[in-house]
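Chemist: To start, I am sharing the structure in question, which I have written as structure tokens.
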Amino acid sequence: EDVDLNLSYVARGLVAMPVPTEGLRSLWHNPLDMVARFLEHRHGGDYTVVNCCPEHAYDQSKLATGQLEVYDMQDGAPPTMAQLVNVLNTLGPRAAASPNHTAVV
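So the sequence shown is numbered by the working numbering: it starts at 530 and just counts up by one.
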């Protein structure tokens with residue numbers, strides 16, 4: 530897959546990247562279409578994208594077989610402990626159910 534994305538595999542099953550975007554913002558952020566192609570190619574349907582920036586919503590249908598979780602954290606601000614626990618409570622069971630599951634945050 531020929532893609533040029535700003536992302537990093539932090540650990541097995543954990544990818545860090547900026548919010549994928551559409552339209553003009555995709556000129557300086559990861560384009561959602563390219564992120565979706567990459568995730569489908571590398572991880573099939575066994576991934577969850579965590580959108581921590583509700584002000585940057587995007588079309589979940591573009592993540593054909595993956596899952597999307599949206600949390601109300603503001604861009605550039607750290608999450609509260611309660612928000613972090615909610616994310617972990619969502620992703621933990623998915624990782625336990627499938628050793629190949631990848632979380633993209």
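The beta-carbon is built from N, C-alpha and C at its ideal position, and this holds for glycine as well.
Just tell me which of C581, G552 and V532 has its CA closest to the CA of T609.
Modeler: C581
Chemist: Taking only the alpha-carbon atoms, compute the straight-line gap between H585 and V548 and give it to the nearest angstrom.
Modeler: 7 Å
Chemist: Leaving out the 5 sequence neighbours to the left and right, which residues in its chain are closer than 7 Å to S590 when beta-carbon positions are compared?
Modeler: none
Chemist: With respect to the alpha helix (DSSP H) encompassing L568, which residues constitute its N-terminal and C-terminal limits?
Modeler: L561 to H572
Chemist: Quick check on V494: does DSSP put it in helix, strand or coil?
Modeler: Residue 494 falls outside the range modelled here, since the chain spans only 530 to 634, and no answer is possible.
Chemist: CA-CA distance, L597 and L556?
Modeler: 22 Å
Chemist: Nearest to L536 by alpha carbon, out of T550, E551, R554 and V564?
Modeler: V564
Chemist: Looking at the unbroken beta strand (DSSP E) that takes in A593, where does it start and where does it end?
Modeler: A593 -> no beta strand (DSSP E), and no H or E assigned at all.
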